[in-house]
Amino acid sequence: MHRSLPELALDQIDLTTSVGGLRFSRPVLINAMTGGAHGVAEINRDLALLAAELDLPMAVGSQTAGIREPDVAESYRVVRHSHPHGVILANVGAGAAIDDACQAVEMLEANGLQLHLNAPQELVMPEGDRDFRGQLARIEALVRKAGVPVIVKECGFGISRETAKQLYDVGVRAIDVSGRGGTNFAWIEGQRGPAALDPGLEAWGIPTAAAVAEVAALELPGLDLIASGGITYGSEAARALALGAAAVGVAGAVLRAHQLGGAEAARQYLTGLLADLARAMVLTGAQGVRAMQHRPVVITGPTGEWCRLRGVDLLKLANR
Ligand SMILES: Cc1cc2nc3c(=O)[nH]c(=O)nc-3n(C[C@H](O)[C@H](O)[C@H](O)COP(=O)(O)O)c2cc1C
130 MHRSLPELAL
140 DQIDLTTSVG
150 GLRFSRPVLI
160 NAMTGGAHGV
170 AEINRDLALL
180 AAELDLPMAV
190 GSQTAGIREP
200 DVAESYRVVR
210 HSHPHGVILA
220 NVGAGAAIDD
230 ACQAVEMLEA
240 NGLQLHLNAP
250 QELVMPEGDR
260 DFRGQLARIE
270 ALVRKAGVPV
280 IVKECGFGIS
290 RETAKQLYDV
300 GVRAIDVSGR
310 GGTNFAWIEG
320 QRGPAALDPG
330 LEAWGIPTAA
340 AVAEVAALEL
350 PGLDLIASGG
360 ITYGSEAARA
370 LALGAAAVGV
380 AGAVLRAHQL
390 GGAEAARQYL
400 TGLLADLARA
410 MVLTGAQGVR
420 AMQHRPVVIT
430 GPTGEWCRLR
440 GVDLLKLANR
């Protein structure tokens, strides 16, 4: 909701936030993307140097390759070398063995651990997983044994309030809903396959805004949300925070900027996003992230319809 009398100066905006007990200087995470393949160490190094310069938290891509093949571990470690004092998140699949998860954390001296869920992608990949039993129990064990805060994340298909509640009940206190609307791995995997993918599966998932709104509406004490999946602009980050997220994650957009114009383009992209987020915070009269999470939000259109059907109290959000 716009505020014509914000009574704030731009340089008063405080972007610090916290997610699952981790303090982020800025509410923008460079989300899990690369590692383990040829040529990606340079991308990881460039992004980590930028994360250090802009004081952003950063996650690496799934470290399974680095655990199995020690000679590719350097493509992940470069992130810690380039961002020695920053918040770095390790990343493994939610079904990972405890030893592997601990190794992933050690590899980076990581401050936190992302556990990713990506059943739709696995099911459309010819070589993907077919059995998703036991993941919740693994997550519960990892939360207890990882030694660092755990963030459970989707990979572009969204987390529903039912899933969020299951995760919360086993001790998870940070969730990245990573919803539909940005990078689409069902589509990507479909392009690799010989036949056209079922269009309904290609468009599978819960849109990011809907996922954030319905999980935030649970108001689970101590649960922090990251909104990712299609976050491109600062104004979108602002809307995600106003819906209740404590931070946003950006993957595809920063990678595209890097691919098109290298480290300098990625720097311009991220500095622009942060500046636009701060502007949007002034315009809503929110000095900090906490305040932003409680600004009035009017949800119309398909997201409003989604929220209405899922019992999200739209009047409460619009009139707080
Ligand atoms: C090239 C690429 C590789 C990715 N690899 C991983 C991964 O290894 N582990 C993971 O948890 N997510 C991975 N993701 C998913 C992102 O972290 C994020 O959840 C998803 O892309 C949605 O965000 P976006 O729309 O900003 O890209 C990857 C995304 C991209 C673009």
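Numbered continuously in the numbering used here, the sequence shown closes out at residue 449.
In this text, a Cβ means the ideal position worked out from N, Cα and C, and glycines have one as well.
If you draw a straight line from the C-alpha of residue i to the C-alpha of residue j, how long is it?
{"i": "E136", "j": "P255", "result": "56 Å"}
{"i": "I159", "j": "A166", "result": "19 Å"}
{"i": "D140", "j": "L176", "result": "26 Å"}
{"i": "V201", "j": "I268", "result": "26 Å"}
{"i": "V272", "j": "L265", "result": "11 Å"}
{"i": "C436", "j": "G263", "result": "30 Å"}
{"i": "A376", "j": "G149", "result": "11 Å"}
{"i": "N240", "j": "I280", "result": "11 Å"}
{"i": "L412", "j": "M421", "result": "11 Å"}
Taking DSSP's pairing of strands, which residues face residue i in a bridge?
{"i": "Q243", "result": "N220 and I280"}
{"i": "P336", "result": "R309"}
{"i": "V148", "result": "L151"}
{"i": "A188", "result": "L218"}
{"i": "A378", "result": "In the sequence under discussion, the amino acid at residue 378 is Gly, which differs from the Ala named in the question. G378 pairs with L158 and S357."}
{"i": "D143", "result": "G417"}
{"i": "A303", "result": "D353"}
For ligand 1, I want to know if residue i counts as a neighbour, meaning its beta carbon is within less than 6 Å of at least one of the ligand's heavy atoms.
{"i": "N313", "result": "no"}
{"i": "C284", "result": "yes"}
{"i": "H212", "result": "no"}
{"i": "H167", "result": "no"}
{"i": "G224", "result": "no"}
{"i": "A324", "result": "no"}
{"i": "G190", "result": "yes"}
{"i": "A161", "result": "yes"}
{"i": "N220", "result": "yes"}
{"i": "S289", "result": "no"}
{"i": "S357", "result": "yes"}
{"i": "G381", "result": "yes"}
How far does the alpha helix (DSSP H) with residue i in it reach, from first residue to last?
{"i": "A356", "result": "Element bounds for A356: not the alpha helix (DSSP H) but the beta strand (DSSP E), D353 to S357."}
{"i": "V411", "result": "G381 to T413"}
{"i": "I159", "result": "I159 -> not in any alpha helix (DSSP H); beta strand (DSSP E) instead, spanning V157 to I159."}
{"i": "F286", "result": "No alpha helix (DSSP H) holds F286; DSSP gives it neither H nor E."}
{"i": "D298", "result": "R290 to D298"}
{"i": "A180", "result": "V169 to L183"}
{"i": "M421", "result": "V418 to M421"}
{"i": "S133", "result": "Careful: S133 lies outside any alpha helix (DSSP H) and carries neither H nor E."}
{"i": "P249", "result": "A248 to V253"}
{"i": "A270", "result": "Q264 to K274"}
{"i": "A447", "result": "L443 to A447"}
{"i": "G257", "result": "That residue, G257, is in no alpha helix (DSSP H); it is neither H nor E in DSSP."}
May I ask which residues mark the beginning and end of the beta strand (DSSP E) holding residue i?
{"i": "S211", "result": "Taken as a continuous stretch (DSSP letters only), S211 belongs to no beta strand (DSSP E), being part of the alpha helix (DSSP H) at E203 to S211."}
Could you tell me if residue i is buried or exposed, where buried requires 16 or more neighbouring beta carbons within 10 angstroms of its beta carbon?
{"i": "K282", "result": "buried"}
{"i": "N220", "result": "buried"}
{"i": "E343", "result": "buried"}
{"i": "Q250", "result": "buried"}
{"i": "H423", "result": "exposed"}
{"i": "H387", "result": "buried"}
{"i": "D305", "result": "buried"}
{"i": "Q192", "result": "buried"}
{"i": "P213", "result": "exposed"}
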